[in-house]
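Let me begin by presenting the structure, written as structure tokens, before commenting on it.
Numbering (my numbering), first residue to last: 1 to 493.
And the structure:
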């Protein structure tokens, strides 16, 4: 083959390769343009129909040259009376079904809902799917502060402790549109000059560091609520309370809950003065409060002045007493939470904390949230029978014996012995028995012997002593020694 012919072939092949390269480059530079996605919306809600403001809508999207990663929706609310309208910003979502709260301030509101698919190139549907319908008026929720109570005074401390964490703020929200599926979904609360803080909780513990100073003084809490339609309560629930620090500058306050008008048969000779003098001798220099005269406890400010409160209810109660200690446990618990000590005694005294809770069962188990369980640390109790059987409470842990004063319990029913004595069958932690039951050797109920009838609680914040019998019917000199031992142990612990 000649050289000219070879040269010609080489030139021809080179030209073909150049044409092919140019052709490929042109194909690359002329790619197909991106097609926008398409959006469809379900036929519910029905056009021009009327619904509640909280409405669930469904939609879908497709993209022929890619995929739909998310959607955007918006709506316009029209006031059909004035013609005014409000258009809400587009909201991004990956969902294809949502319950949407529509702004519905008027009795009837026109809504135009729009939704558009957005493809993987970020291009939205240029013609969003839409629905036009009407919504009825939605009402704002209401909220009520349950605790603290308005103008209530509380004993507190300058810092939270194990037993006093702070002031409990408890509130409850309601929504009159609840039958349409609306409900309160969030609350906001504030104290004093602080800003509102949103939460889903309906119980908040307000610690002293959250309050404006001075801490021992008045404080104001406010609460609002938001419902599913994003309406906020029109009225703010507001409560003002007062926090007071205990002084503990006095020794003992004796609260006389003994009702001498309802002594059991054969004991009518004991007068109010007899009982008062008995306790004055036990607690020299004490202050006294006659519950049957005043019908209420002293104020918390007054209670907070005393290191120890003594409660006695020494009459026999055949039914729930008029002034049972169980009716005052909120105030007493508040006093104990901030460091006050308690001595309690009486006839059927444990039963009077919760008269209906005992039933006919021989043994009663107290609820873990009850005052007896939490503050006196008594878990299970029992009661002895109708006829007198207790002759002596035997002291343990260094406490002296307490002998029954037989002269105060005459007659066949008693025979110089005490009946209806409460027995402590099981106790909580950090307690120690200080008195046990003793009866005659020929007693028909020897199983009572050795059972706990006096309990001492050793706590980090407060201390307590429970005597499960009426102290007035014990020998006074024995009772004097017992009281001295109790108060001494309070000081030493």
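Quick reminder that beta carbons are idealized off the backbone N, C-alpha and C, glycines included.
Under the three-state reduction of DSSP, which class applies to residue 176: helix, strand or coil? Numbered from 1 along the chain shown, position 176 holds the residue referred to as residue 176. Coil at residue 176, not helix or strand.
Using 8 Å as the Cβ pair cut-off and three pairs as the minimum, do the stretch 250 to 260 and the stretch 200 to 207 touch? no
Residue 356 (DSSP reduced to helix, strand or coil): As a working note, residue 356 is residue 356 in the chain shown. Correct three-state label for residue 356: helix.
May I ask you to verify whether the stretch 113 to 132 touches the stretch 148 to 155, counting CB pairs closer than 8 Å and requiring at least 3? no
Here's a check: name, in chain order, each residue in its chain whose Cβ is nearer than 8 Å to the Cβ of residue 354, leaving out the five neighbours to either side. Here residue 354 refers to the residue found at position 354 of the chain shown. Cβ within range, chain order: 326, 366, 370, 372.
Tell me which same chain residues have a C-beta within less than 8 Å of the C-beta of residue 380, skipping the five on either side of it? Taking the chain shown and counting its residues from 1, one reaches residue 380 at position 380. So the list reads 363, 364, 365, 366, 424, 425, 426, once near-sequence residues are dropped.
C-alpha gap between residue 467 and residue 140, whole angstroms: Residue mapping note: residue 467 aligns to position 467 of the chain shown, counting from 1. Residue mapping note: residue 140 aligns to position 140 of the chain shown, counting from 1. Straight-line Cα distance between these residues: approximately 54 Å.
Which ranges does the alpha helix (DSSP H) cover as unbroken runs of at least 4 residues, wholly within the stretch 313 to 397, from first to last along the chain? 329 to 337
Going by DSSP, what residue range makes up the alpha helix (DSSP H) through residue 299? Taking the chain shown and counting its residues from 1, one reaches residue 299 at position 299. Here residue 299 belongs to no alpha helix (DSSP H), and DSSP marks it neither H nor E.
The alpha helix (DSSP H) that contains residue 280, what's its start and end? Translated into the one-based positions of the chain shown, residue 280 becomes position 280. Here the alpha helix (DSSP H) through residue 280 covers 272 to 282.
Buried/exposed call for residue 408, threshold 16 Cβ in 10 Å: Translated into positions along the chain shown, residue 408 becomes position 408. Buried, by the Cβ-count rule.
What does a CB cutoff of less than 8 Å around residue 480 pick up in its chain, not counting 5 residues either side in sequence? The residue labelled residue 480 in the question sits at position 480 within the chain shown. Result list for residue 480: 281, 282, in chain order.
Express the C-alpha separation of residue 311 and residue 399 in angstroms, rounding to a whole number. Along the chain shown, one-based indexing puts residue 399 at 399. Along the chain shown, one-based indexing puts residue 311 at 311. When rounded, the distance between both Cα atoms is 20 Å.
Thinking residue 96 and residue 86 are a contact (beta carbons under 8 Å), I'd like their distance in whole angstroms, please. Within the chain shown, the letter at position 96 stands for residue 96. Within the chain shown, the letter at position 86 stands for residue 86. That pair is no contact at about 26 Å.
Specify, as a first and last residue, the run of the beta strand (DSSP E) that residue 482 falls within. Along the chain shown, read from residue 1 onward, the residue named residue 482 stands at position 482. Taken as a continuous stretch (DSSP letters only), residue 482 belongs to no beta strand (DSSP E), being part of the alpha helix (DSSP H) at 476 to 492.
Could you round the C-beta distance between residue 448 and residue 437 to whole angstroms and report it? I think they count as a contact, below 8 Å. As a working note, residue 448 is residue 448 in the chain shown. As a working note, residue 437 is residue 437 in the chain shown. Sure, about 5 Å apart at Cβ, within 8 Å.
Rounded separation between residue 474 and residue 457 - CA only: Reading the chain shown from its first residue, position 474 is the one you call residue 474. Reading the chain shown from its first residue, position 457 is the one you call residue 457. Each residue's alpha carbon lies about 22 Å from the other.
Exposed or buried, which one is residue 404 when buried takes at least 16 other CB atoms within 10 Å? As a first step, residue 404 must be located in the chain shown, where it is residue number 404. Result: buried.
Pull the bridge partners of residue 157 from the DSSP assignment, please. In the chain shown, residue 157 corresponds to position 157, counting from 1. In the DSSP output, where bridge partners are listed per residue, residue 157 has none listed.
Reference residue 116; option with closest CA among 233, 245, 60: As a first step, residue 116 is located in the chain shown; it is residue number 116 there, counting from the start. Looking at the Cα atoms, 60 is the closest of the given residues.
Three-state secondary structure assigned by DSSP to residue 209: Residue 209 sits at position 209 when you count from the first residue of the chain shown. Residue state, collapsed to three classes: helix.
Reduced DSSP category for residue 101 - H, G, I as helix; E, B as strand; rest coil: In the chain shown, residue 101 corresponds to position 101, counting from 1. It is a strand residue.
Quick check: the Cα distance between residue 210 and residue 297, rounded to an integer number of angstroms? Counted from its first residue, the chain shown places residue 210 at position 210. Counted from its first residue, the chain shown places residue 297 at position 297. Roughly 30 Å between the two C-alpha positions.
Using a Cβ-Cβ cutoff of less than 6 Å, which residues in the same chain neighbour residue 164 once the five nearest sequence positions on both sides are dropped? Position 164 of the chain shown holds residue 164. 157, 337, 338.
Would you please state the rounded distance, in angstroms, between the beta carbons of residue 173 and residue 142? I believe it to be under 8 Å. Reading the chain shown from its first residue, position 173 is the one you call residue 173. Reading the chain shown from its first residue, position 142 is the one you call residue 142. Rounded, the Cβ-Cβ distance is 7 Å, consistent with contact.
Starting from residue 294, follow the alpha helix (DSSP H) in both directions and report where the run begins and ends. Residue mapping note: residue 294 aligns to position 294 of the chain shown, counting from 1. Unbroken alpha helix (DSSP H) run through residue 294: 291 to 294.
Nonlocal neighbours in the same chain, by C-beta distance under 8 Å from residue 388, ignoring five residues either side: Counting from one through the chain shown, the residue named residue 388 turns up at place 388. Only 409, 413, 414, 415, 416, 417, 418, 419 meet the Cβ criterion.
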